[in-house]
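**Student:** Quick one: the structure is below, questions incoming.
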Amino acid sequence: MAQHITELSRSENSTRLMTRLLRSGTGSCRRTAIRALTVAVAVAGLSPVAAAWAKDPAGTVSTPVTTAHGAGTTSLGSGPVIAVDHRQRPVVATTSGPRLALLRYTKKGRLDKTFSGDGIARLKVKKNLAVSDIAFDYRGRIVVVGASNASSGERARLIVLRLTKKGKPDKGFGRRGVVTVDHASGTAVTIEPSGRLVVSGRSTMPSAALVARLDGAGRLDPGFGDHGVARLSVYGAQEGPYVGTGAGETVIDAAGRVVVELRVFRGIGQPSETGVARFTSGGALDTSFGDVGGYTSDTLGLPVTGALSRGLAARPHGGYTVSGATHGQFFLQRYDADGLPDGAPLLTDVTSGFLEGGDAMAVDAAGRVVSVGQSYPRLTVLRYASEDGLDAGFASNGVYRAKKLKGTRSAGATDVAIDARGRIWVAGVATAKGSRSDRVVITRLKQNGRPDRKWRTRGRH
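Next up, the structure:
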């Protein structure tokens with residue numbers, strides 16, 4: 432046994448093979464395998480965290496993310512957000528300290544070394560960058576939206592970046608690939624077939640939900656709103672820099688009108704609100720929609736804490752769906768084509784815990800809503816039937832709860848994408864125990880909500 436393990440420690444696939452021995456061996460054989468694995472890890476230059484990757488459950492790939500910052504490193508900062516390209520390769524964007532990190536994986540769950548050499552592109556963009564959305568345009572270029580200094584409010588800037596397929600700044604967009612809007616933060620991006628970008632977020636001066644439209648070169652479109660920007664304040668003059676209305680996800684309808692998810696924060700101790708509003712193709716508030724252009728949740732019968740919405744999608748037969756979190760529950764609200772509530776909100780308790788709710792959503796080709804988030808301490812995915820409650824044919828009665836990764840305390844989902852084959856890609860963060868780095872987690876589920884065993888970590892990346 433010892434001789435066999437010594438030979439394995441010299442082989443290219445030693446870590447993977449010895450992991451099998453660890454699982455199948457017993458007693459002294461297992462202890463010998465552990466010692467040999469430690470040596471093999473040192474020889475191969477793997478970190479203890481990298482060695483643990485081979486233990487990730489089926490359907491899950493995790494990657495520690497740190498970036499150089501002076502003499503040391505900084506742990507995971509914000510995101511991650513995920514999109515899947517036309518070749519079914521996931522690209523994940525997150526921030527770590529002062530840098531944007533873009534990770535691209537192969538179909539088999541390895542970091543794609545044809546992308547920036549090691550699969551991770553690291554770009555220093557703006558101070559305290561936080562990313563919130565990612566998308567591909569019709570030419571396969573990568574668009575990332577976020578904000579710098581958004582948490583402090585100190586000259587907050589909405590940031591839009593466009594990168595080439597290889598993760599380099601696109602010099603034909605904005606200034607060296609970057610567009611900024613002062614006194615604002617970015618939440619989401621929708622790309623029109625023409626190539627124009629509709630970016631949503633929040634303005635702090637004045638306090639309002641913000642929707643901006645950019646042309647293919649990154650210039651604000653003067654034909655939309657006020658010099659390219661449309662704003663909406665639900666509470667008008669009562670709003671301030673830190674309390675007010677924000678814009679979440681957007682949907683462009685067949686007439687070119689922009690339907691936007693509203694996120695209204697009324698202050699400490701006050702219930703938060705969610706809703707929808709619509710702007711015309713020229714950026715004016717459409718007063719024929721909802722209640723004078725929009726509708727919020729103050730009359731929806733939600734719990735006293737209100738609701739935090741985290742996604743918007745069009746319904747198959749007209750109207751819209753919003754989902755998110757409320758008082759320790761996942762919630763979903765449907766609106767009709769006129770922007771008025773269609774029935775009462777659906778509230779879902781996955782566990783009896785308070786720390787649970789949706790943080791992102793997507794809709795598949797059949798109109799089923801996938802809401803992802805956390806039911807502490809586990810990453811959680813829910814799927815709703817297109818016009819009903821939870822989809823009983825998905826995972827366990829409509830709910831998938833991921834296994835905890837070894838060496839982590841908890842995990843939560845931050846974004847979701849559905850590919851052309853109907854597979855569900857979930858990006859999230861696993862919070863590490865002790866001094867280890869937090870990990871970016873990418874989980875892939877089949878259409879039935881079961882982990883896709885073809886997608887898993889195989890040794891080191």
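If you're matching positions, the sequence shown starts at 432 in the working numbering and goes up one per residue. Every residue, glycine too, gets a C-beta built ideally from N, C-alpha and C.
Apply the 10 Å Cβ neighbour rule to Ala-796 and answer buried if 16 or more other Cβ atoms are within range, or exposed otherwise.
**Tutor:** Burial call: exposed.
**Student:** Pick helix, strand or coil for Ala-668, following the three-state DSSP scheme.
**Tutor:** In this structure, Ala-668 counts as helix in the three-state DSSP scheme.
**Student:** Helix, strand or coil for Asp-722? Go by DSSP, reduced to three states.
**Tutor:** Strand.
**Student:** Please name the residue or residues paired with Ser-740 in a DSSP beta bridge.
**Tutor:** Bridge partners of Ser-740: Gly-755.
**Student:** Rounded to whole angstroms, what is the Cα-Cα separation between Thr-862 and Arg-840?
**Tutor:** Rounded to whole angstroms, Thr-862 to Arg-840 spans 6 Å at the Cα level.
**Student:** Can you tell me whether DSSP reads Ser-728 as helix, strand or coil?
**Tutor:** Three-state result, Ser-728: helix.
**Student:** First and last residue of the beta strand (DSSP E) that includes Lys-539?
**Tutor:** It is not in any beta strand (DSSP E) - Lys-539 carries neither H nor E in the DSSP assignment.
**Student:** Can you tell me whether Val-735 is buried or exposed, with buried defined as 16 or more other CB within 10 angstroms of its CB?
**Tutor:** With fewer than 16 other Cβ atoms within 10 Å, it is exposed.
**Student:** Please classify Gln-760: does DSSP put it in a helix, a strand, or coil?
**Tutor:** In this structure, Gln-760 counts as strand in the three-state DSSP scheme.
**Student:** DSSP state of Ala-793, grouped into three classes?
**Tutor:** Ala-793: strand per DSSP, three-state reduction.
**Student:** Using alpha carbons as the reference points, say which of Leu-733, Arg-688, Leu-743 and Asn-559 lies closest to Leu-716.
**Tutor:** It is Arg-688.
**Student:** Under 8 Å: do the region 623 to 641 and the region 664 to 677 share three or more Cβ pairs, one atom per stretch?
**Tutor:** The region 623 to 641 is in contact with the region 664 to 677.
**Student:** Look at the alpha carbon of Thr-888 and the alpha carbon of Arg-697, and state the distance between them as a whole number of angstroms.
**Tutor:** Going from the Cα of Thr-888 to the Cα of Arg-697 covers about 44 Å.
**Student:** Extract the residue ranges of the beta strand (DSSP E) inside the region 608 to 683, only unbroken runs of 3 or more that lie entirely within it.
**Tutor:** Within the region 608 to 683, the complete beta strand (DSSP E) runs of at least 3 residues are 609 to 613, 615 to 622, 628 to 635, 638 to 645, 660 to 663 and 675 to 683.
**Student:** Applying the criterion that 16 or more other CB atoms from any shown protein chain within 10 Å of the CB defines a buried residue, is Ser-509 buried or exposed?
**Tutor:** By the 10 Å Cβ count, Ser-509 comes out buried.
**Student:** What are the boundary residues of the beta strand (DSSP E) that Ile-573 is part of?
**Tutor:** Taken as a continuous stretch (DSSP letters only), the beta strand (DSSP E) holding Ile-573 covers 573 to 579.
**Student:** Enumerate in chain order the residues of its own chain whose CB-to-CB distance from Gly-737 is below 6 Å, with the five nearest sequence positions on each side excluded.
**Tutor:** Counting only Cβ-Cβ distances below 6 Å, and skipping sequence neighbours, we find Pro-702, Ser-703 and Glu-704.
**Student:** Evaluate contact between the region 593 to 603 and the region 657 to 671, counting only Cβ atoms and requiring at least three cross-stretch pairs below 8 Å.
**Tutor:** Not touching, per the Cβ criterion.
**Student:** Could you please give the first and the last residue of the uninterrupted beta strand (DSSP E) stretch that includes Trp-886?
**Tutor:** Taken as a continuous stretch (DSSP letters only), Trp-886 belongs to no beta strand (DSSP E), as it is neither H nor E.
**Student:** Helix, strand or coil, according to DSSP, for Gly-843 in the structure here?
**Tutor:** Looking at Gly-843 - three-state DSSP - the assignment turns out to be strand.
**Student:** I believe Lys-596 touches Arg-572 by the beta-carbon criterion, under 8 Å. Please report the beta-carbon distance rounded to the nearest angstrom.
**Tutor:** Rounded, the Cβ-Cβ distance is 7 Å, consistent with contact.
**Student:** What number of angstroms, rounded off, separates the C-alpha of Tyr-831 from the C-alpha of Leu-554?
**Tutor:** Looking at the two C-alpha atoms, the distance is approximately 34 Å.
**Student:** Under 7 Å Cβ to Cβ from Gly-626, same chain only, skipping five residues before and after it: list those, please.
**Tutor:** Only Asp-568, Tyr-569 and Gly-647 meet the Cβ criterion.
**Student:** Out of curiosity, what's the CA-to-CA distance linking Leu-876 and Asp-883?
**Tutor:** The alpha-carbon atoms of Leu-876 and Asp-883 are separated by roughly 5 Å.
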